[in-house]
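**Q**
Protein chains: 2
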Amino acid sequence: MATHIQLHKLPSPFAMHRGSELHEATLAYETWGQLNAAKSNAVLILTGLSADSHAAAHDEHDTPGWWQAMIGPGKAIDTTTWFVICASSLGSCKGSTGPCSPMPGTGEPYRFAFPDLCLEDIANASASLTRSLGIEQLHAVIGPSMGGMTAQALVLENPGYTRHMINIAAAMVSRPFSTAIRSLQREAILKDVNFKNGYYSADNWPTEGMKLARKIGMLSYRSAEEWDERFPRSLRQVPSRPFGIEFPVESYLEHHANKFVHQFDPISYLYLSRAMDWFDAHEHASDDSNPFSGCGLRSAQVIGCRTDLLFPPHQQQELHDTLAAAGIKTRLEIVDSIEGHDAFLVDTATFSPLIRQALDRTADHPGETPA
Amino acid sequence: MATHIQLHKLPSPFAMHRGSELHEATLAYETWGQLNAAKSNAVLILTGLSADSHAAAHDEHDTPGWWQAMIGPGKAIDTTTWFVICASSLGSCKGSTGPCSPMPGTGEPYRFAFPDLCLEDIANASASLTRSLGIEQLHAVIGPSMGGMTAQALVLENPGYTRHMINIAAAMVSRPFSTAIRSLQREAILKDVNFKNGYYSADNWPTEGMKLARKIGMLSYRSAEEWDERFPRSLRQVPSRPFGIEFPVESYLEHHANKFVHQFDPISYLYLSRAMDWFDAHEHASDDSNPFSGCGLRSAQVIGCRTDLLFPPHQQQELHDTLAAAGIKTRLEIVDSIEGHDAFLVDTATFSPLIRQALDRTADHPGETPA
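Chains Z and E, in that order, are what the protein sequence lines are. Each residue of the first sequence is one higher than the one before, starting from 0 at the first, in numbering that gives the first Met the number 0. Each residue of the second sequence is one higher than the one before, starting from 0 at the first, in numbering that gives the first Met the number 0.
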């Protein structure tokens, strides 16, 4: 384990949202900046499905992270002000305990013996981590994509624990179109002959299933509009075999699928993907009451993107409206980026000032001036 | 061969758009209504990718067709007025010669020995059929989806042969997003272990690949909006195995995939799917000139649907604008159906009057009064 990555032992047993328990589980996490004496400047970042704890470089470890443009001294999430924490999700394969981790006792991977995983579990494991750091209340949670749903889970499962939320490219619940995309990704993995009900090996990896899953996902990460600009038909190549790669968009998908295929564990992918489909903020309220009533949030910034196919703007509108109806001071911003769901990763020029301003506004609250 | 299906022998050799030849090829077709003495009332229907010649029932064969609501006495395409012809596409597996047909000489299926297939070939084979019926000029060609692209190919390859075109849910060229969806469908088929480079058998059918291909396609046939209405989360079922079917949208996709899997030949699917990606109306013009200049069309009706993900409205706008710039009297109608690309098949209440009126208007042209 690289020195910039730290480990948090979850309480054992760790109670899972759907009823079972995890034993001897750990979270891998990284931090940036300094926790102030009052422990009041903690900003927790919750990740998208395939991201890990390495959101940005550290002084002593300069590999860029997945949100490198956003986190650091002087950046939107300014590490001279905020103490920033990011963990690999529980259930992931990036250092935290997940389905490919060894099971206590046997040492064999959990595979499908891993308990049912919900975003609530990822959220609660993250709160266990931040509590272990002495943080009695988070200044803010910031979550894009799956992290935005997990941020809601955190707020709903831990009332009063979070003062502010920045929720990006997410929704209160997945719509059927988005569930269908993820279902087909899971099917592509499950049906790969090498998947063998989870008993794959490095030598017999479900490569084709993982590649196809990644490519199906990529249909929903950018936008048709962006691809119109990016892939001129004039770049067609002569395929090397019947029905081989010919169109620029096919090369692009193949390139990204090849990069992804060994970077993520197939069963972890299944668990996290399903957790997104299971999440429903409405389930945290009895009957038709507002799930965010009494959650203790002081403010929220909800951000969406016009071209997001996976979580389109009307879903951020719903989250914003529900937060407002719960009496939370909330702002909604729908940006006009053409990068679709991925805009928060790519369109730094738009997202940096938005997130900086959202964080700046949280510091206006009396008694919350950081550092 | 059922008696309502007729066969047309293509000239042998039949020259293909990309340079090779087909020998002893046939088209399976059906007709409705009567060709008038002047042979001036012929309406050719060109089909979507997976449809066959059976567009509607006949008096002596009452199985409903794929466009049953649209074709018949008193219907939008009124068979008391028009002589309607519909063929299974060349390259398809529905009675016309395609990759799974026996190759002359050997009797073995063509498989990948079938020549490169373009929509121009499907169009020219259809024109060969209608010419063989003594039709010197088509009154109109009507094509939805792939048929709309094929209709353009027909008009561009056979100048002066068609008086009017009704072009539905199509485009002059596929955008990268649409190509990506079809590419992933092809990949799902090609990568199925049972596909065996085309040497699959009924006992070892590439079932999973075909199912996944169908499901990927279905992401683009309706709309996220329609699915929001159709699939309430309350209908979730308990899956029978880990990661089995749970969400209503998963049952829906599974049901349709199971219906499709043995109804279409995998290699035929590959050939037709690629033909859609290869089509580019612009390639029929040298440099930047208008491909429809001199095509001889007297009028066109272009129809799109607001919620069509595969061929969105700006693509019908482009076709309409290009036809107009070529001096063709053209109308554009973008309907507001929530059924997406499939609206022409489903939203009869909207499409019937549109198509009826479009055909009615063509009869206003002097000398073209039908029947």
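By construction, the Cβ of each residue, glycine as well, lies at the ideal position given by its N, Cα and C atoms.
#1: Only counting the same chain, and skipping five residues up and downstream in sequence, which positions put a Cβ closer than 6 Å to that of Ala325(Z)?
#2: Anything in chain Z within Cβ reach of Ile180(E), meaning under 7 Å, just list it in chain order.
#3: DSSP three-state call for Glu29(E): helix, strand or coil?
#4: Over the uninterrupted beta strand (DSSP E) stretch that includes Glu186(E), give me the two end residues.
#5: Can you tell me whether DSSP reads Gln151(E) as helix, strand or coil?
#6: Output, in chain order, the set of chain Z residues within a Cβ distance shorter than 8 Å of Arg232(E).
#7: Given that a residue counts as buried once 16 or more other Cβ atoms are within 10 Å of its Cβ, and exposed if not, what is Leu45(Z)?
#8: Just the Cα atoms here: how many angstroms apart are Pro352(E) and Arg17(Z)?
#9: Compute the distance between the beta-carbons of Ala299(Z) and Thr347(Z), then report whether it is under 8 Å.
#10: Taking all protein chains shown into account, do 16 or more other C-beta atoms lie within 10 angstroms of the C-beta of His261(Z), making it buried, or fewer, making it exposed?
#11: Starting from Ala357(Z), trace the alpha helix (DSSP H) in both directions and tell me its first and last residue.
#12: Closer than 8 Å between beta carbons: that is the criterion. Which residues of the stretch 249–264 of chain Z meet it against chain E?
#13: What are the start and end residues of the beta strand (DSSP E) that includes Ala325(E)?
#14: Could you name each continuous alpha helix (DSSP H) segment of 4 residues or more that falls completely within the stretch 90–174 of chain E, going from the start of the chain to the end?
#15: With a threshold of 8 Å on Cβ separation, who are the neighbours of Glu332(Z) within its own chain once the five nearest residues in sequence on each side are excluded?
#16: Considering only the alpha carbon of each residue, which of Phe82(E), Glu228(E) and Ile76(E) lies closest to Ala36(E)?
#17: Between which residues of its own chain and Pro103(Z) is the CB-CB distance below 8 Å, once the five residues before and five after are set aside?
#18: Cβ closer than 8 Å: which chain Z residues qualify as neighbours of Leu269(E)?
#19: Could you check if Ala27(E) is buried or exposed, using at least 16 other CB atoms within 10 Å of its CB as the buried criterion?
#20: Taking the alpha carbon of Ser100(Z) as the point to measure from, which residue in Phe246(Z), Glu253(Z), Gly197(Z) and Phe343(Z) has its own alpha carbon closest?
#21: Leaving aside the five residues before and after Ala152(E) along the sequence, list all residues of the same chain whose C-beta is less than 6 Å from its C-beta, in chain order.
#22: Could you list the residues in the stretch 110–142 of chain Z with a C-beta less than 8 Å from some C-beta on chain E, going in chain order?
#23: Where does Lys258(E) sit, in a helix, a strand or coil, going by DSSP?
#24: Under a CB-based cut-off of 8 Å, is Pro108(Z) close to chain E?
#25: If you draw a straight line from the C-alpha of Tyr220(Z) to the C-alpha of Thr206(Z), how long is it?
#26: Identify which residue in Lys38(E), His163(E), Ala223(E) and Phe176(E) has its Cα closest to the Cα of Ser336(E).
#27: Where do the ends of the beta strand (DSSP E) carrying Lys214(E) lie?
#28: Distance, Cα to Cα, Gly64(E) vs Gln5(E)?
#29: For Ile266(E), which of helix, strand or coil comes out of DSSP?
#30: In chain order, what are the residue ranges of uninterrupted beta strand (DSSP E) at least 3 long that sit wholly in the stretch 2–65 of chain E?
#31: Determine the direct distance from the alpha carbon of Ser39(Z) to that of Glu249(Z), and round the result to whole angstroms.
#32: What does a CB cutoff of less than 8 Å around Val42(Z) pick up in its chain, not counting 5 residues either side in sequence?
#33: So if DSSP puts Ser285(Z) in a beta bridge, which residue, or which two residues, is it bridged to?
#34: In chain E, what lies closer than 8 Å to Lys407(Z) by C-beta?
#35: State buried or exposed for Glu20(E), treating a residue as buried only when at least 16 other CB atoms are found within 10 Å of its CB.
**A** Quick look at the numbers:
#1: Against the first sequence, residue 325(Z) aligns to sequence position 326. Answer for Ala325(Z): Asn289, Phe291 and Ser292, listed in chain order.
#2: In the second sequence, counting from the first residue as 1, residue 180(E) sits at position 181. Simply Leu218.
#3: Residue mapping note: residue 29(E) aligns to position 30 of the second sequence, counting from 1. Three-state result, Glu29(E): strand.
#4: Looking up residue 186(E) in the second sequence gives position 187. Per DSSP, Glu186(E) belongs to no beta strand (DSSP E); it is in the alpha helix (DSSP H), Pro175 to Leu189.
#5: Taking the first residue of the second sequence as 1, we reach residue 151(E) at position 152. Collapsing the DSSP output to three states places Gln151(E) in a helix.
#6: Within the second sequence, numbered from 1, the residue matching residue 232(E) stands at position 233. Within 8 Å Cβ-Cβ: Val172 and Asp279.
#7: Start at 1 with the first residue of the first sequence, and residue 45(Z) comes out as number 46. Taking every protein chain shown into account, the CB of Leu45(Z) has 16 or more other CB atoms within 10 angstroms, so this residue is buried.
#8: Counted from its first residue, the second sequence places residue 352(E) at position 353. Counted from its first residue, the first sequence places residue 17(Z) at position 18. Whole-angstrom Cα-Cα distance: 53 Å.
#9: Position 300 of the first sequence, counted from the start, is the residue given in the question as residue 299(Z). Position 348 of the first sequence, counted from the start, is the residue given in the question as residue 347(Z). The answer is no: Cβ separation not under 8 Å.
#10: Position 262 of the first sequence, counting from 1, holds the residue named residue 261(Z). Flag for His261(Z) reads exposed.
#11: If you number the first sequence from 1, residue 357(Z) lands on position 358. Thr347 to Thr361 is the span of the alpha helix (DSSP H), which, as asked, contains Ala357(Z).
#12: For the stretch 249–264 of chain Z, the set of positions with a beta-carbon nearer than 8 Å to some beta-carbon of chain E reads Glu249 and Leu252 in chain order.
#13: Here residue 325(E) is taken as the residue at index 326 of the second sequence, counted from 1. First-last for Ala325(E): undefined, no H or E at that position.
#14: With a minimum length of 4 residues, the continuous alpha helix (DSSP H) runs that stay inside the stretch 90–174 of chain E are 118–131 and 145–156.
#15: Taking the first sequence and counting its residues from 1, one reaches residue 332(Z) at position 333. The answer, listed in chain order, is Gln300, Val301, Ile302, Gly303 and Leu353.
#16: As a working mapping, residue 36(E) is identified with position 37 in the second sequence. Ranking Phe82(E), Glu228(E) and Ile76(E) by Cα distance to Ala36(E) puts Phe82(E) first.
#17: Taking the first sequence and counting its residues from 1, the one referred to as residue 103(Z) is at position 104. Here the set comprises His22 and Glu23.
#18: Position 270 of the second sequence holds residue 269(E). Within 8 Å Cβ-Cβ: Phe242.
#19: As a first step, residue 27(E) must be located in the second sequence, where it is residue number 28. That one is buried.
#20: The count along the first sequence starts at 1 and reaches residue 100(Z) at position 101. Selected option, being the one with the closest Cα: Gly197(Z).
#21: The residue labelled residue 152(E) in the question sits at position 153 within the second sequence. Counting only Cβ-Cβ distances below 6 Å, and skipping sequence neighbours, we find Leu118, Glu119 and Ala122.
#22: Phe111
#23: For the purposes of this step, residue 258(E) is taken as residue 259 along the second sequence, with counting starting at 1. Note: Lys258(E) maps to helix in three-state DSSP.
#24: Here residue 108(Z) refers to the residue found at position 109 of the first sequence. Closer than 8 Å: no.
#25: As a working mapping, residue 220(Z) is identified with position 221 in the first sequence. As a working mapping, residue 206(Z) is identified with position 207 in the first sequence. Tyr220(Z) and Thr206(Z): Cα-Cα distance of roughly 21 Å.
#26: On the second sequence, residue 336(E) is found 337 positions in, with the first residue counted as 1. Among Lys38(E), His163(E), Ala223(E) and Phe176(E), the Cα nearest to that of Ser336(E) is on Ala223(E).
#27: Translated into the one-based positions of the second sequence, residue 214(E) becomes position 215. In this chain, Lys214(E) is not harboured by any beta strand (DSSP E); it is covered by the alpha helix (DSSP H) spanning Thr206 to Tyr220.
#28: Translated into the one-based positions of the second sequence, residue 64(E) becomes position 65. Translated into the one-based positions of the second sequence, residue 5(E) becomes position 6. Roughly 16 Å between the two C-alpha positions.
#29: Translated into positions along the second sequence, residue 266(E) becomes position 267. Three-state DSSP puts Ile266(E) in a helix.
#30: Scanning the stretch 2–65 of chain E from its first residue to its last, the whole beta strand (DSSP E) runs of 3-plus residues come out as 5–8, 25–31 and 41–44.
#31: In the first sequence, counting from the first residue as 1, residue 249(Z) sits at position 250. In the first sequence, counting from the first residue as 1, residue 39(Z) sits at position 40. If you take the alpha carbons of Glu249(Z) and Ser39(Z), they lie about 48 Å apart.
#32: Residue 42(Z) sits at position 43 when you count from the first residue of the first sequence. For Val42(Z), where only same-chain residues beyond five positions count, the Cβ hits under 8 Å are Ile76, Trp81, Phe82, Val83, Ile84, Leu137, His138, Ala139, Val140, Ile141 and Leu358.
#33: By 1-based counting over the first sequence, the position of residue 285(Z) is 286. DSSP output for Ser285(Z) lists no bridge partner at all.
#34: Missing from the structure shown is residue 407(Z); chain Z here goes from 0 to 370 and no further.
#35: On the second sequence, position 21 is the one that residue 20(E) refers to. By the neighbour-count rule (16 or more Cβ atoms within 10 Å), Glu20(E) is not buried but exposed.
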